[in-house]
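What follows is a single structure, written as structure tokens, with notes after it.
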Amino acid sequence: MTINFNAFSFARLTLRSQGIECVNVDRELRDGMTIQDFIDELGFEAGEIEAVFLNGTIRPKSTVLHDGDRVALLPPGTPGSYRLILGIKAMNDQETSPE
Amino acid sequence: MADKIYRVRMNDLSFSVEDVPKEWLGLGGRGLTSTIVAAEVDPECHPLGPNNKMVFAPGLLSGTAAANSGRTSLGAKSPLTGGIKESNSGGTSAGIMAKLGVKALIIEGLPEEDDTFYHIHVTKEHVTIEPIPELVGKENFEVLDTMLERYGRKVAVFSIGTPGEQRMLISNISVKDPQGKIRSLGRGGLGAVMGSKKIKVITVDAGDSKETYLADAATFRAANKAFTKALKENPISGEGLPAFGTDILVNIINEAGGLPSMNFRYGTSENAEELSGEHVAENIQERGGKTTHGCHAGCVIQCSQVYNDKDGNYVTSGFEYEMIWAFGANYGIDDIDTIAHIDHIMDDIGVDAIETGVTFGVAAEGGMLPFGDGEAVIKILTEEIPNGTPTGRVIGSGAGNVGKLYGVVRVPVVKNQGMPAYEPRAIKGQGITYVTTPMGADHTAGYAVATNILNSGGHIDPLKKEGQVELSRNLQIASAAIDSTGMCIFVAFPALDDPACLPALIDMINARFGAELTGDDVTNLGKNILKLEHAFNLKAGLGKADDRIPEFMKYETLPPHDAIWDFTNEEIDAFWDF
Ligand code: SF4
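Shown next as structure tokens:
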């Protein structure tokens, strides 16, 4: 499958330093991959990506990707109340809290 | 020495220095300005007439060594919204006023009707009020430089440019920053109030006044250390803001489909990458600007920036998300350097970035000029507005009025004030803040967060109504409290992750005044301020029907999420149930 992919803020700097294109690029992924699989494939460690937009909304990292999806990776550091208002913090709390 | 109220009467050019009434002792910043405006200004008065007052107040912690405590609040009845207004800004003024012991500077009355403009100079227990004909018709940078030459660099300066002199509704008030550049008391057309009182410039000189008095210096120092540590170690205030500034939001809000574009027609912009914080930071690095810059001396976060042109020459500082959005996404200019140039012009003449950008969007919608035409904007800002031509006055009257003049239906205002950079249909929590805040469509009203009142447990979907009214209410209560401390709003976010942050802030307030406030007291302070401001607006004639979103947002869906405004009136009005 092919997804469209963006990385913001520090994530962009990290990927660029490794020569990985990350501004509005198409990328081939194996069928059945989740967002987390994709983050791992790019080499990010735990905590480096706080939240992920999937087709314009913040979604759990366990979500399975599909052909044509649009993915944007967001590292920690979203200013203002937007971390709350966009649901970034709530999703992050949910994902990092021990069950 | 105890703090004093300095009062200037423009009707007879006199002043008095008064003791602080007991009820005002524990207040500062927005809490104090709103309390004084509510107590002394007739809500039904004309905002540009003799009965409006301007109240300048430093925050509770301003003038101390507390990190990020240098905000000055200005309160008045707004000529733009017709309601109460508090606008706050960084710059050097809060620290200087606090050191001089100025709890608040109240300016009332109107001078005789002639062409005279005045300069108010505040020193220890004294105020001079003198005509300043040589600066009439001049813009802010010239006024600022003249004052710094006269008094040295340590003086605080508030000034208006020609739009303020002409009482235009988009005008703001400039505040000197530590580098001799400009920050602004931006929203609500308060520059017009200063213009109506015929005041061109206010300077405050603390002379050799020492550090602000602390009731318990040792406790204060320890708390400030903990507070500063929390700010520096947080990923937002410690890394994200210094590296990219507030403009990092362009890509994020665009991705969320909430970046208002082409006068609030779309939720994403084709220009997002050009406008993005990542791109601005790249330019700054290549051209030798600065990604970190503080708007006042005690800032440890430094979200502000210094932006240079392609040849490495200084263009502007404080190049913020709201400005870049207003002219880039909303009005459609696809070149970041043109927007930086416009930012500098707007600092110089003294107009609010948000109101002016939204006004150009509505003007383009009405056919007055094309979308995205940077040259046309520059011409209006540098020729038409300073000269007060009919075209200049039309743009100078703000988005709501331009919409009426051109028969435009898509006019993104609440209480006649232009909406900031977040689409209320796609980011509904922000929309609730726009309609309910007593300030008119304002984003900073609900910008800050304090954990003790924030139930952030449940999942928030910005496209859905659930939980939004409560979220907005908690954000607004926290913001009202933070705005009273003199702290910049960004101190509030580390508090979400670091439980040491907020108690340290409260410890500092207690150590400064010898008080025993708790977290609940601070929450109650925020609630009281909001209620007081709301009551003023009700008396001024701004009722429930004014707490509403523009109608087009209820029947036009916003791409890409096809989002719509679907709150009922009852749901909105429930905001005030606290
Ligand atoms: S973080 Fe930004 S707004 Fe706050 S004090 Fe520093 S420069 Fe000013």
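Listed in order, the protein sequences are those of chains B and Y.
Those letters in the first sequence? Residues 1 to 99, by this note's numbering.
Those letters in the second sequence? Residues 100 to 677, by this note's numbering.
Glycine included, each C-beta is placed from N, C-alpha and C at the ideal position.
All values reported here derive from a predicted model rather than from experimental measurement.
Taken atom to atom, the span from the alpha-carbon of residue 348(Y) to that of residue 206(Y) is near 37 Å. In the three-state scheme derived from DSSP, where H, G and I count as helix and E and B as strand, residue 72(B) is classed as strand. The C-beta separation of residue 269(Y) from residue 458(Y) comes to about 6 Å, placing the pair in contact by the 8 Å criterion. In this structure residue 584(Y) is in contact with residue 604(Y), their Cβ atoms being roughly 7 Å apart against a cut-off of 8 Å. Counting only runs of at least 4 residues, the region 207 to 266 of chain Y fully encloses the following alpha helix (DSSP H) elements, listed from N- to C-terminal order: 239 to 250 and 261 to 264. The beta-carbon distance between residue 282(Y) and residue 188(Y), rounded to whole angstroms, is 5 Å. This is short enough to meet the 8 Å contact definition.
Residue nearest to residue 389(Y) within the set 619(Y), 406(Y), 478(Y) and 126(Y) is 406(Y) (criterion: CA-CA distance). Boundaries of the beta strand (DSSP E) harbouring residue 392(Y): 389 to 392, taken from the DSSP string.
Residue range 413 to 416 is occupied by the beta strand (DSSP E) that includes residue 415(Y). Counting the other Cβ atoms within 10 Å of the Cβ of residue 589(Y) gives 16 or more, which makes it buried.
Considered as a whole, the region 14 to 67 of chain B harbours 25 to 28 and 51 to 54 as its complete beta strand (DSSP E) runs of no fewer than 3 residues, in chain order. Taking C-beta separations shorter than 8 Å and ignoring five residues to either side along the sequence, the partners of residue 376(Y) in its chain run 343, 344, 345, 346, 347, 348, 349, 350 and 420, following chain order. When C-alpha distances from residue 130(Y) are compared across 668(Y), 657(Y) and 582(Y), the shortest belongs to 582(Y). The residues 269, 270, 290, 448, 449, 450, 484 and 495, in chain order, have a CB closer than 7 Å to that of residue 262(Y) in the same chain once the five nearest residues on each side in sequence are set aside. The beta carbon of residue 401(Y) sits closer than 8 Å to at least one heavy atom of the ligand SF4. Within the same chain, Cβ atoms closer than 6 Å to the Cβ of residue 132(Y) are found at 154, 156, 172, 174 and 185, the five residues on either side in sequence being excluded.
For residue 631(Y), the three-state secondary structure derived from DSSP is helix. Taking the CA atoms as reference points, residue 410(Y) sits about 45 Å from residue 152(Y). The beta carbon of residue 192(Y) sits closer than 6 Å to the beta carbons of 171, 255 and 274 from its chain, once the five residues preceding and following it are set aside; these are given in chain order. Within the region 12 to 24 of chain B, 12, 13, 23 and 24 place their CB atoms closer than 9 Å to a CB of chain Y, listed in sequence order. For residue 584(Y), the nearest beta carbon of chain B is not closer than 9 Å to its own beta carbon. Residues 330 and 331 of the same chain have their beta carbon placed closer than 7 Å to that of residue 337(Y), with the five preceding and five following residues left out of the count.
For the ligand SF4, a non-hydrogen atom lies closer than 8 Å to the CB of residue 167(Y). In this chain, residue 178(Y) is not harboured by any alpha helix (DSSP H), its DSSP state being neither H nor E. In this model, residue 392(Y) and residue 219(Y) are separated by some 29 Å (Cα to Cα).
Of the heavy atoms belonging to the ligand SF4, at least one sits nearer than 8 Å to the Cβ of residue 587(Y).
Considering only beta carbons, the part of the region 330 to 341 of chain Y lying closer than 7 Å to chain B consists of 334, 335, 338, 339 and 340, in chain order.
Under the Cβ distance rule, residue 560(Y) counts among the residues neighbouring chain B, one pair being separated by less than 9 Å.
In the assembly as shown, residue 385(Y) is an exposed residue. Its beta-carbon has fewer than 16 other beta-carbons within 10 Å.
Cβ-Cβ distances below 6 Å link residue 315(Y) to 610 in the same chain, with the five nearest sequence neighbours on each side left out; the list follows chain order.
Chain B places a beta carbon closer than 9 Å to that of residue 402(Y), counting this residue as a contact. Interface criterion not met: the Cβ of residue 65(B) is under 9 Å from no Cβ in chain Y. Around residue 57(B), the beta-carbon contacts reaching into chain Y at under 9 Å are 355, 356, 560, 561, 562 and 660. Contact between residue 513(Y) and residue 648(Y) holds, with the beta-carbon distance rounding to 7 Å and staying under 8 Å.
Counting the other Cβ atoms within 10 Å of the Cβ of residue 675(Y) gives fewer than 16, which makes it exposed. Under a criterion of Cβ atoms nearer than 9 Å, no residue of chain B is adjacent to residue 159(Y); the nearest Cβ is some 22 Å distant.
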